[in-house]
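Below: the structure, in structure tokens.
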Amino acid sequence: MKRKYKIKTKFQKFRFKSNFKIEELYYLKLLKMLSSQSPRQNYTSFSRTGTPVNNNVNKGSPVFNEKRIVSQKSIRRRADSINSPSKPDHHRDRDRDRDRDREREREREREREREREQEYRQYFTPSATNMHWSKIKPIGKVKPKKLRAHTMTLVGERLFVFGGSDIENCFNDLYIFDCDTFSWSVHKTKGLVPPPKPCRAHSADLIGDYIYIFGGGNGPDYFNTLYLLNTKTLNWEKPEVRGQIPNKRRAHTSWVYNDLLYIFAGGDGNCALNDVYVLTRDDSGVSTNNNSPATKMTPLSSRSNNGYNDMSINNSMDNSLDSNSFSDNKDMYDASMSRNNQHYRRNDDNIPTNSRFKFVWTKINTTGKTPTPRGYHTSNLIGNKVVVYGGSDGHECFSEIYVLDLEKNHWTRVGTDKPVPRLSHTSTQVGSYLFVIGGHDGNHYSHTLLLLNLVTLRWETRKAFGERPPSRGYHTAVLYDSRIFVFGGYDGHTVYNDMYVLDLSASAYLPQITQFDIGGVTDRKQINY
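Just so you know, we're using the UniProt record's numbering here: the sequence shown kicks off at 1 and counts up by one.
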């Protein structure tokens, strides 16, 4: 016992003097001798690496900064505090469940990250994306009537809304909406000619300073009259026309190419139509050959021999736009006509016509695959081509797309990746896309926004944020300053007078795309417009 005590004392002294540096063999012998002093106490030694000397504990045990003696009971407690095979089964099951839940949560987070990445690529990469709907709250007290089958024509920053109907009545009111101030104004036109009869499903096109209103109808009545609205003076003019005058019709489409007015299809009350007419100025030397290229015809806005440009006229009437001075009194028109009878005369319907406005209608003989008769379709002028989409003949809702070459007067039917029937929709060109909004698919009205890629001829569905307009048809849509304005319409029960805007500002580059080929139709030369 005395020797052991001396060894222990010597070891303690030596350990502090050598700063814990001692050979392993000598250290183990001392531990064995010390353990014999307390047989009831079991000790285990740890090296600096954390490995127990007697290998009674797993390698996951704590690492100490110095060699020390630790009781076996303490070792078991520490081993139980970490992953140890000695843990009960319910603890292991709980840990497995926790690990499984954590893995599932990580997988869900990765899935959300992939969705965010996909959404980012979809809405922030160069494509027709990142669009936002909003409903306009007009400024001021003037609000238009609830309208369907009206027309909306862009003149500068203003939208001229004319005609249309609600569920019961047709109108011939003129509303003007300012796209910058979001304000409405209603105007009673003035001049020598009364406004057109109340009508709906007519056409309206801007040429120079004039809006050309043609056709339309009211109940069982169909029209084929032509009116001109001076957008500066708000005077109506009724020109003299001759030639192959089109049949009375409504639900047709029209476009302006090289300052020539074209109309296509529609219905006359008995059947649907699929003919094409062009309106030219009645000047000397004008060609009446219905197969002549459009470039050889006399444009409507060209200077005539009378010396006036863009068909503008001056008379004794006040040219201000004060709506309070406008009048619908027939006596006013008669009095004005008597002062300017050198240019005006009454025709068969007792409406004065202006002899300074003389036009000729010509029917175009086309070749190729002519579209089936239809109405309530859309026609978009793209370069020297017209893309006709959808419509109905009263029995079937169409999904075909036809392209008319205006230089060759040749029709071509093109195929898309899938049929999308539509009627009474709107189709607005934005760069190399057609934005198709709403309409009727043959079963119900739709609120869907579809994009037709004119290069690949594939339909694309894009997500638009914000407050989108409800389902509707017979509405109008106009592109202005990277925004599509949508007004009015009908959903089968309700007629609307609201205005929605589809903001394309994040995709403002789209309207700047002016050169592309229509897939499968266009010659290799690029389309410029």
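Beta carbons: idealized from backbone N, C-alpha and C, even for Gly.
What residues match up with residue i in a beta bridge as DSSP calls it?
| i | result |
| --- | --- |
| I213 | A204, Y227 |
| Q464 | One detail in the question is off: residue 464 reads as Ala in this sequence, not Gln. Note: A464 sits in a beta bridge opposite M131. |
| H440 | L423, Y445 |
| V276 | F264, I364 |
| R242 | V360 |
| T233 | Looking at the DSSP assignment, T233 forms no beta bridge with any residue, so it has no partner. |
| residue 544 | The structure shown does not extend to residue 544, since the chain spans only 1 to 529, so no value can be given for it. |
| N218 | D221 |
| R250 | G267 |
| G473 | Y490 |
| G375 | S392 |
| D503 | H132, R483 |
| T412 | V403 |
| I139 | S183 |
| R458 | N453 |
| R281 | F359 |
I want to check one thing, is the minimum distance from the CB of residue i to the heavy atoms of the ligand ATP below 7 angstroms?
| i | result |
| --- | --- |
| K232 | Ligands are entirely absent from the displayed structure, and the ligand ATP is therefore not among its contents. |
Among residues of its own chain, excluding the 5 on either side of residue i, which ones have a beta-carbon nearer than 8 angstroms to its beta-carbon?
| i | result |
| --- | --- |
| N224 | F214, G215, I245, P246, N247, K248, R249 |
| L228 | Y210, I211, Y212, I213, W236, E237, K238, P239, M311, F357 |
| R104 | none |
| S134 | G466, E467, Y500, V501, D503 |
| N274 | F264, A265, T370, P371, T372, P373, R374 |
| K418 | W459 |
| T181 | I139 |
| I484 | T428, V430, F435, I437, A477, V478, V501, L502, L504 |
| R112 | none |
| L447 | Note that residue 447 is His in the sequence shown here, rather than Leu. Hits under 8 angstroms: G438, R468, P469, P470, S471, R472. |
Quick one: residues in its chain with C-beta nearer than 7 angstroms to the C-beta of residue i, no 5 flanking neighbours on either side, listed in chain order?
| i | result |
| --- | --- |
| residue 548 | The first residue shown for the chain is 1 and the last is 529, placing residue 548 beyond what the model contains. |
| Y222 | K248, R249, R250, D268, G269 |
| K145 | D166, F171, D173, N497 |
| S183 | P138, I139, G140 |
| V155 | L206, T231 |
| G368 | H410, W411, T412 |
Grab me the residues of residue i's own chain with a C-beta within less than 6 angstroms of its C-beta, minus the 5 sequence neighbours each way, in chain order.
| i | result |
| --- | --- |
| Y402 | P371, V388, W411, R413 |
| D282 | K358, F359, V360 |
| S424 | Y376, G439, H440, G473, Y474 |
| D517 | none |
| K232 | D209 |
| C397 | P421, L423, G442 |
| S399 | P419, V420, P421 |
Run the CB neighbour count on residue i, radius 10 Å, all protein chains shown included, and call it buried at 16 or more, exposed below.
| i | result |
| --- | --- |
| K143 | exposed |
| T428 | buried |
| residue 614 | No statement about residue 614 is possible, as the shown extent of the chain runs from 1 to 529 and does not include it. |
| S505 | exposed |
| G442 | exposed |
| residue 551 | Given that the chain is displayed from residue 1 to residue 529, the structure contains no residue 551 and the question cannot be resolved. |
| N365 | exposed |
| G267 | buried |
| T151 | buried |
| D393 | buried |
| R114 | exposed |
| G217 | buried |
| residue 531 | For the chain, the structure presents residues 1 to 529; residue 531 sits outside this window and is missing. |
> Going along the chain, which unbroken runs of the beta strand (DSSP E) with 3 or more residues stay wholly within the segment 143-199?
Replying inline: 151-155, 158-162, 174-178, 183-187
> Any contact of the segment 428-439 with the segment 385-396, i.e. 3+ C-beta pairs under 8 angstroms?
Replying inline: yes
>> Check whether the segment 195-215 and the segment 466-473 are in contact - that is, three or more C-beta pairs closer than 8 angstroms.
In response: no
> Any chance the segment 235-245 sits against the segment 254-274, with 3 or more Cβ pairs inside 8 angstroms?
Replying inline: no
> Where are the beta strand (DSSP E) runs, 3 residues long or more, that stay fully inside the segment 378-410, in chain order?
Replying inline: 378-382, 385-389, 401-405
>> So, does the segment 158-174 touch the segment 475-492, judging by three or more C-beta pairs under 8 angstroms?
In response: yes
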